[in-house]
Amino acid sequence: QSALTQPPSASGSPGQSVTISCTGTSSAVGAYNYVSWYQQHPGKAPKLMIYEVTKRPSGVPDRFSGSKSGNGASLTVSGLQAEDEADYYCSSYAGTNTWVFGGGTKVTVL
Amino acid sequence: EVQLLESGGGLVQPGGSLRLSCAASGFTFSNYAMSWVRQAPGQGLEWVSHIISSGTTKFYPDSVKGRFTVSRDNSKNTLYLQMNSLRAEDTAVYYCAKAAWGLGGSFSGAFDIWGQGTMVTVSS
Numbered sequence: 001q002s003a004l005t006q007p008p009s010a011s012g013s014p015g016q017s018v019t020i021s022c023t024g025t026s027s028a029v030g031a032y033n034y035v036s037w038y039q040q041h042p043g044k045a046p047k048l049m050i051y052e053v054t055k056r057p058s059g060v061p062d063r064f065s066g067s068k069s070g071n072g073a074s075l076t077v078s079g080l081q082a083e084d085e086a087d088y089y090c091s092s093y094a095g096t097n098t099w100v101f102g103g104g105t106k107v108t109v110l
Numbered sequence: 111e112v113q114l115l116e117s118g119g120g121l122v123q124p125g126g127s128l129r130l131s132c133a134a135s136g137f138t139f140s141n142y143a144m145s146w147v148r149q150a151p152g153q154g155l156e157w158v159s160h161i162i163s164s165g166t167t168k169f170y171p172d173s174v175k176g177r178f179t180v181s182r183d184n185s186k187n188t189l190y191l192q193m194n195s196l197r198a199e200d201t202a203v204y205y206c207a208k209a210a211w212g213l214g215g216s217f218s219g220a221f222d223i224w225g226q227g228t229m230v231t232v233s234s
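Below, the structure written as structure tokens:
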């Protein structure tokens with residue numbers, strides 16, 4: 001299974017929005033509405049931020065939103081805050097109980 | 111509190127073996143599928159194995175198939191990863207992760223609870 005493609009970095013000023021892309025394949029992102037996004041602060045475990053493309057788990061601010069079009073997906077963080085500075089990973093179910101992750105995007109709050 | 115706690119990591123020589131454990135608490139472990147996900151130093155996440163709630167069916171990516179074996183003991187609320195024929199490229203932090211349910215208990219394709227990770231270093 002090929003890893004999903006993410007830009008290595010993204011940045012924005014406090015209060016601005018940043019969008020992270022995640023490019024997959026027709027057998028992963030394109031085939032299923034099971035795209036997830038995880039936030040990871042240095043030295044910490046990943047935290048689920050978005051699942052099933054657009055859904056937010058309880059406790060995740062509505063500043064975080066997800067979308068999908070074709071073989072690509074995106075995570076948008078609106079109203080950037082200092083605590084949003086972290087690495088973000090996309091993931092897609094790839095069928096038959098297998099998963100693929102992206103390489104990660106480091107978000108910097110300027 | 112819902113929690114996963116990994117243990118068993120350490121330094122092992124190439125070709126060696128190691129068994130990781132993941133102790134679950136705060137939820138009905140036997141109801142949920144579980145996965146192992148690893149992260150090499152400075153790198154991204156890589157899915158390593160998946161086991162359904164009953165433990166009867168298991169899945170692996172090609173990178174570890176035939177070398178790694180996932181198992182679980184629902185009576186002990188514990189997930190395991192037996193790693194054999196270890197290579198330098200297996201060096202990573204290994205996380206156990208709980209499969210999340212979607213609305214109404216449906217499949218969601220996501221992992222909502224992660225452990226703190228255990229470091230495995232393969233080096234001579």
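First to last, the protein sequences are chains A and B. Going by our numbering, the first residue of the first sequence is number 1, and it counts up by one from there. Going by our numbering, the first residue of the second sequence is number 111, and it counts up by one from there. C-beta atoms are modelled at their ideal positions from N, C-alpha and C, and glycine is treated no differently. The model shown is predicted, which means the values in this text are computed figures rather than measured ones.
- Between B/D200 and the set B/I223, B/V158, B/S181 and B/V112, the nearest pair of CA atoms involves B/V158.
- Collapsing the DSSP output to three states places B/A210 in a strand.
- Within 7 Å of the CB of B/A210, the CB atoms of chain A belong to L48 and Y51, in sequence order along the chain.
- Inside the segment 71-109 of chain A, DSSP marks whole beta strand (DSSP E) runs of 3 or more residues at positions 72-77, 86-93, 99-101 and 105-109, from first to last along the chain.
- The alpha-carbon of B/Y170 is positioned some 12 Å away from that of A/G95.
- In this structure, the beta-carbon distance from B/R182 to B/I162 does not fall below 7 Å.
- Contact with chain B is absent for A/W37, since none of that chain's Cβ atoms lies less than 7 Å from the residue's Cβ.
- By the Cβ rule, the segment 139-151 of chain B counts as touching the segment 198-218 of chain B, because three or more pairs are nearer than 8 Å.
- When DSSP states are grouped into helix, strand and coil, A/G66 belongs to the strand group.
- By the Cβ test, the segment 6-20 of chain A is in contact with the segment 80-97 of chain A, since at least three Cβ pairs between them sit closer than 8 Å.
- Per DSSP, the continuous beta strand (DSSP E) segment holding B/E156 begins and ends at L155 to I161.
- In this chain, the beta strand (DSSP E) harbouring B/R129 covers L128 to S135.
- Take B/L213, set aside five residues on each side of it, and no residue of its chain has a beta-carbon closer than 8 Å to its own.
- No residue range can be given for B/A198, since it is assigned to no beta strand (DSSP E) and is classified by DSSP as neither H nor E.
- Across the structure, B/S218 and B/D172 are spaced so that their CA atoms are roughly 23 Å apart.
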